[in-house]
Amino acid sequence: MAWFRRSKVSIQQEAQKKDIPDGMWNKCDRCGEIIHRKQLEEQSFTCAKCGHHFRIGAAEYIALLLDPGTFREIDRKMRSSDPLNFTDTKPYKQRIKESIKKTGLFDAVRIGTGKIGSVPVVVSAMDFSFIGGSMGSVVGEKVARASERALKSRIPLIVISSSGGARMMEGAISLMQLAKTSARLAQLAEARVPYISILTDPTTGGVTASFAMLGDINIAEPGALIGFAGPRVIKQTIGRDLPQGFQRAEFQQEHGFVDMVVDRKEMREKLIILLKYLWIHKK
Amino acid sequence: MARTVLEFEKPIVELEQKVEEMRKYADSLDIADEIRIMEEKVQSLRKSVFGNLTRWQKVQLARHPDRPYTLDYIEMMTTDFVELHGDRAFSDDRAIVGGLARLDNIPVMIIGHQKGRDTKSNVYRNFGMPNPEGYRKALRLMNLAAKFNRPVITMLDTPGAFPGLEAEERGQAQAIARNLFEMSRLPVPIIVVIIGEGASGGALGIGVGNRVLMLENTWYSVISPESCSSILWRSWDFKEQAAEALKLTAPDLLHEGIIDRIVPEPLGGAHRNPAQAAEILKDILVGELKKLQKIKPDKLIDMRVEKFCKMGEWEK
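Those protein sequences? They're chains A and B, same order as listed.
Per the numbering used here, the first sequence starts with residue 28, numbered consecutively.
Per the numbering used here, the second sequence starts with residue 87, numbered consecutively.
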């Protein structure tokens, strides 16, 4: 028994280390099913057995949603300048450098234009693998610019969120990105340009308390953790265990904060239907 | 009176007590010169201590339980205050107060976080930590102000939005997000003042304004130094370092372009002379209001949006 347990733990840790599934075989975090990479891709990175949604990067999400070959990235190389010269157990500059090397990204969001079912859109996809998808100046600025671009071209905006919240290493500047993104979205709303927010696992903190909750339509992926405070903090505050399913996508729908919970395999089709309802093409 | 004295205030308070004692004997003994010398000593000590506060010491001052809170400022600065209650949807959050008042005879809507001073009143005020209905009440009052063309003044002083189970059920994140969205396009002047603690989204939830002012001994950041320490250092023991790293004081934020103006406090902090603190703030608010009231609504909105959209720094 003891030997069996040890072995199981080490496999799980191995699986948790990877932010994006790679290699030929992947293990489902929830049911333990071993799935071939190809099959996983065919299933939009969900488990064929239990339906668990794997955490995926911005590039994977963009490829899943957009018409092939239509994505044109904007401000790809924008990166943090470490405005506070911040150091905790290691310098923030070093953290950024390491994250860029590890992920091939320059910060936790990618933005660009593209098409979904031939409807032109501006898309913004967050990537949890870059410092926990945290929002500092770069994420705030890029999401704001995506909104500005949507306003200028009068085409719908789609934002896919995946974030632990605001980035501590940029202090109050990170906090102000909540106001910045929300202000740009208010301008977009005034112009009646559609905005669809997709919330994936996890979407918490400052990102939920700004653009992720402000969609004309809010869509969540099944089982995604969505909330303001993290479950650990809430548990400490109230001093008791949290109920099953607390802060999950289905809980958020039940309490009225997301319009629907949509399986990733059906996300693109759902967007096509919605975009046709919301977007009125003007000459 | 059980007054709270912070560690670095102690030498000053001790000297002050000595001066007080000497005064008692001043009638019978000729010690006027000695008293004068002692008073000068106290004053120079105050200046040296308060001229060189660390960031962590400022955090402690911002939390001083004798500091004036929103309702204290309202009482000292305004006349005819009428408190308004409730979000018209769920309840009345007592951690955020608001209402109509006259500031130097200008009718305004004042809204702010409200802490309690002792255990009982702190429980009543939930330690100044609002639930979603607090943010929704604030928004209702702001919309009311807009409808009747009254400027809005908000006062920030919270350790954070309440991280509770019911708060999540009722949409803490959505309530804050909605406020940021609506405050950015409110067609009346908004002035924000940080009067104590400005902790993260819980503070910013009523903090989007045309002018953002900050009292001298307050802090404003994305996280408290304690929580930052526990997450980044994985220990509660690095709060001083975290406070330094976060650069969360008024001069820091003025330098970063996040606030517009520092409101001076009486020497030794607002809690040492609340009436004077309120007078200084009132004068500044009236001046700022008069300037903003000349600006047309469209321009006010535009200025406010662009002001926040300029915040941030990056490399191409």
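Ideal Cβ positions, reconstructed from N, Cα and C, are used throughout, including at glycine.
This one's a predicted model, so the numbers in the text were calculated from it and none came from an experiment.
Apart from the five residues on each side of it in sequence, which residues of its chain come closer than 8 angstroms, Cβ to Cβ, to residue i?
{"i": "Thr130/A", "result": "Asp46, Gly84, Asp154, Ser156, Phe157"}
{"i": "Gln362/B", "result": "Pro352"}
{"i": "Ile121/B", "result": "Val105, Met108, Arg109, Ala112"}
{"i": "Val165/A", "result": "Met105, Arg106, Ser107, Phe133, Asp134, Ala135, Val136"}
{"i": "Phe136/B", "result": "Leu353, Gly354, Gly355"}
{"i": "Leu111/A", "result": "Tyr119, Met196, Glu197, Gly198, Ile200"}
{"i": "Gly272/A", "result": "Phe278"}
What residues in its chain sit with their C-beta under 7 angstroms from that of residue i, if we drop five residues either side in the sequence?
{"i": "Glu302/B", "result": "Ala336, Ile348, Val349, Pro350, Glu351"}
{"i": "Gly160/A", "result": "Ala135, Met153, Asp154, Ser189, Ser190, Gly191"}
{"i": "Leu225/B", "result": "Arg264, Asn265, Glu268"}
{"i": "Gln274/A", "result": "Leu252, Ile253, Gly254, Pro258"}
{"i": "Ile366/B", "result": "Val349, Pro350"}
{"i": "Lys385/B", "result": "none"}
Between the options, which has its C-alpha nearest residue i's C-alpha?
{"i": "Phe167/B", "options": "Leu367/B, Val279/B, Pro193/B", "result": "Pro193/B"}
{"i": "Leu230/B", "options": "Gly246/B, Leu266/B, Leu272/B", "result": "Leu272/B"}
{"i": "Lys201/B", "options": "Lys223/B, Arg122/B, Gly282/B, Gly354/B", "result": "Gly282/B"}
{"i": "Met228/B", "options": "Lys396/B, Val274/B, Asn208/B", "result": "Val274/B"}
{"i": "Val128/B", "options": "Glu102/B, His150/B, Val183/B, Ala118/B", "result": "Glu102/B"}
{"i": "Thr140/B", "options": "Val278/B, Leu367/B, Ala328/B", "result": "Ala328/B"}
{"i": "Ile143/A", "options": "Pro183/A, Pro270/A, Asp56/A", "result": "Pro183/A"}
{"i": "Gly45/B", "options": "Cys314/B, Ser307/B, Pro237/B, Ala261/B", "result": "The structure shown does not extend to residue 45/B, since chain B spans only 87 to 402, so no value can be given for it."}
{"i": "Ile160/B", "options": "Lys223/B, Lys206/B, Ile123/B, Thr240/B", "result": "Thr240/B"}
{"i": "Met163/B", "options": "Asp179/B, Ile196/B, Leu170/B, Met215/B", "result": "Ile196/B"}
{"i": "Trp306/A", "options": "Ala177/A, Gly266/A, Gln263/A, Gly272/A", "result": "Ala177/A"}
{"i": "Glu100/B", "options": "Arg222/B, Glu125/B, Asp116/B, Ala118/B", "result": "Glu125/B"}
Is residue j closer than 9 angstroms to residue i when the C-beta atoms are compared?
{"i": "Thr140/A", "j": "Ser189/A", "result": "no"}
{"i": "Met300/B", "j": "Ile276/B", "result": "no"}
{"i": "Gly198/A", "j": "Ala247/B", "result": "no"}
{"i": "Met240/A", "j": "Ala193/A", "result": "no"}
{"i": "Lys80/A", "j": "Asp228/A", "result": "According to the sequence displayed, residue 80/A carries His and not Lys. Cβ atoms of His80/A and Asp228/A: closer than 9 angstroms."}
{"i": "Val372/B", "j": "Leu189/B", "result": "yes"}
{"i": "Met294/A", "j": "Leu92/A", "result": "yes"}
{"i": "Leu92/B", "j": "His150/B", "result": "yes"}
{"i": "Arg256/B", "j": "His308/A", "result": "no"}
{"i": "Asn212/B", "j": "Arg180/B", "result": "yes"}
{"i": "Thr264/A", "j": "Ala256/A", "result": "yes"}
{"i": "Tyr155/B", "j": "Arg203/B", "result": "yes"}
{"i": "Thr208/A", "j": "Ser174/A", "result": "yes"}
Does residue i pass the burial test, meaning 16 or more other C-beta atoms within 10 Å, or should it be called exposed?
{"i": "Lys169/A", "result": "buried"}
{"i": "Ile300/A", "result": "exposed"}
{"i": "Met51/A", "result": "exposed"}
{"i": "Thr244/B", "result": "buried"}
{"i": "His357/B", "result": "buried"}
{"i": "Ser145/A", "result": "exposed"}
{"i": "Trp400/B", "result": "buried"}
{"i": "Asn53/A", "result": "buried"}
{"i": "Gln39/A", "result": "Per-residue confidence for Gln39/A stands at a pLDDT of 49, beneath the threshold of 50, marking its modelled position as unreliable; no derived number is given."}
{"i": "Tyr210/B", "result": "exposed"}
{"i": "Phe394/B", "result": "buried"}
{"i": "Phe284/A", "result": "buried"}
{"i": "Cys74/A", "result": "buried"}
{"i": "Thr235/A", "result": "buried"}
{"i": "Arg132/B", "result": "buried"}
{"i": "Pro311/B", "result": "buried"}
{"i": "Cys55/A", "result": "buried"}
{"i": "Ala42/A", "result": "Any answer about Ala42/A is weak, because its pLDDT of 46 lies below 50 and its placement is not dependable; what the coordinates show is given next. Flag for Ala42/A reads exposed."}
Which same chain residues, not among the five before or five after residue i, have their C-beta less than 6 angstroms away from its C-beta?
{"i": "Ile185/A", "result": "Val148, Val150, Ile223"}
{"i": "Lys297/A", "result": "Val289"}
{"i": "Val298/B", "result": "Val278, Ile345, Asp346"}
{"i": "Ile225/A", "result": "Ile187, Ile246"}
{"i": "Gln280/A", "result": "Val288"}
{"i": "Gly233/A", "result": "Met162, Gly192, Ala193, Leu205"}
{"i": "Cys113/A", "result": "The sequence shown places Phe at residue 113/A, not Cys. Here the set comprises Tyr119, Met196."}
{"i": "Pro97/B", "result": "none"}
{"i": "Ile370/B", "result": "Val349"}
{"i": "Asp178/B", "result": "His171, Gly172"}
Going by the C-beta, is residue i closer than 8 angstroms to any heavy atom of the ligand ZN?
{"i": "Asp338/B", "result": "Summarising the ligand content, the structure contains no ligands, and the ligand ZN is consequently not present."}
Report the CB separation of residue i from residue j in whole angstroms; it is logged as a contact under 8 angstroms.
{"i": "Met397/B", "j": "Met203/A", "result": "4 angstroms"}
{"i": "Thr304/B", "j": "Gly287/B", "result": "Actually they are not in contact, since the Cβ atoms of Thr304/B and Gly287/B sit about 17 angstroms apart, beyond 8 angstroms."}
{"i": "Pro249/B", "j": "Val260/A", "result": "5 angstroms"}
{"i": "Gly172/B", "j": "Val183/B", "result": "Their Cβ separation, rounded to whole angstroms, is 12 angstroms, which puts Gly172/B and Val183/B out of contact at 8 angstroms."}
{"i": "Ile101/A", "j": "Ile138/A", "result": "5 angstroms"}
{"i": "Glu252/B", "j": "Asn208/B", "result": "Glu252/B to Asn208/B, Cβ: 19 angstroms. No contact."}
{"i": "Asp115/A", "j": "Trp322/B", "result": "That pair is no contact at about 14 angstroms."}
{"i": "Leu334/B", "j": "Ser307/B", "result": "4 angstroms"}
{"i": "Glu326/B", "j": "Trp142/B", "result": "4 angstroms"}
{"i": "Arg390/B", "j": "Gly295/B", "result": "7 angstroms"}
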